[in-house]
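Take the sequence shown: its position 138, counting from 1, is numbered 138 in the numbering used here, and each next residue is one higher.
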Amino acid sequence: MRDSDGRPAPLEPYLGMPAHAVVTRVDGSVFAHLHPIGTVSPASQMALTLRTPADTVPGSLARRLAGMGSMGAMGDPAAGPPGEFAIPYGFPSPGRYRLWVQVRLRGEVETGVFDAYVSPTAGNRISRPLISSPALRR
Numbered sequence: 001m002r003d004s005d006g007r008p009a010p011l012e013p014y015l016g017m018p019a020h021a022v023v024t025r026v027d028g029s030v031f032a033h034l035h036p037i038g039t040v041s042p043a044s045q046m047a048l049t050l051r052t053p054a055d056t057v058p059g060s061l062a063r064r065l066a067g068m069g070s071m072g073a074m075g076d077p078a079a080g081p082p083g084e085f086a087i088p089y090g091f092p093s094p095g096r097y098r099l100w101v102q103v104r105l106r107g108e109v110e111t112g113v114f115d116a117y118v119s120p121t122a123g124n125r126i127s128r129p130l131i132s133s134p135a136l137r138r
C-alpha cells in the first residue's frame with residue numbers, strides 16, 4: 001500500500017490483524033476467509049506462540065493464556081515492512097477466483113476487489129483492482 005506521494009502507507013490493525021481477505025471461486029465451490037497469519041485461528045496462534053517446553057505441566061499454558069487478556073495483547077503476528085502484508089493461500093484448483101482485501105488506513109476501512117485466474121500450468125495472474133476504495137487505487 002502506498003500513499004498519494006508514493007510512500008508506504010501505514011496500515012492500522014483492523015479486527016486485530018493488518019489485513020483480511022476473502023477468496024471465492026466464481027462457481028461458488030470455494031470460500032476462504034484469510035489473514036496474514038494464515039487460516040489458523042488467532043486463539044490457536046496465540047497458544048502456539050506462548051507454548052514452551054515446560055508446558056508438559058497440566059494447566060501451565062492455560063494460566064499464561066488467561067493472563068494475556070484480550071486478543072489485542074497478541075501484538076502484530078504478521079508485521080512486515082510499512083505498507084506491506086502477505087496473505088498465504090494455496091488455490092485448491094485451477095479456475096477463476098475473486099478476492100476481496102480489507103485494510104485500515106487513517107482510521108478508515110478500505111476494500112479492494114481483484115479477479116484471479118489460476119491455470120493448470122504457469123501463467124497465473126491477478127488483476128488490478130476491479131472496485132476499490134480511493135486509497136486502494138494508488
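Think of the CB as a built atom: it goes at the ideal place given N, C-alpha and C, for glycine as much as any other residue.
Ordered along the chain, which non-local residues of its own chain (more than five positions away) have a Cβ less than 7 Å from that of V118?
-> Cβ-Cβ distances below 7 Å link V118 to F91, P94, G95, Y97 and N124 in the same chain, with the five nearest sequence neighbours on each side left out; the list follows chain order.
Can you give me the start and stop residues for the beta strand (DSSP E) that R96 sits inside?
-> From DSSP, the beta strand (DSSP E) with R96 extends over G95 to L105.
Between P8 and P82, which are expected to be in contact by the criterion C-beta below 8 Å, what is the C-beta distance as a whole number of angstroms?
-> Beta-carbon to beta-carbon, P8 and P82 are separated by about 4 Å, close enough to satisfy the 8 Å threshold.
Alpha carbon to alpha carbon, how far is I37 from V109? Give it in angstroms, no decimals.
-> For the pair V109 and I37, the Cα-to-Cα distance works out to about 19 Å.
In this structure, does DSSP put P88 in helix, strand or coil?
-> Of the three classes helix, strand and coil, the one that applies to P88 here is coil, per DSSP.
What distance in whole Å lies between the Cβ atoms of V103 and L11, which are believed to be in contact at a cut-off of 8 Å?
-> Indeed they touch by this definition, with Cβ atoms about 5 Å apart.
Using 10 angstroms around the beta-carbon of G6, count the other beta-carbons present and answer buried if the total reaches 16, otherwise exposed.
-> Exposure of G6 is indicated by the presence of fewer than 16 other C-beta atoms within 10 angstroms of its C-beta.
Return the bridge partner residues of P8 from the DSSP annotation.
-> DSSP lists R2 as partners of P8.
Exposed or buried, V26, counting other C-beta atoms within 10 Å across all chains shown (16 or more means buried)?
-> Classification for V26: exposed.
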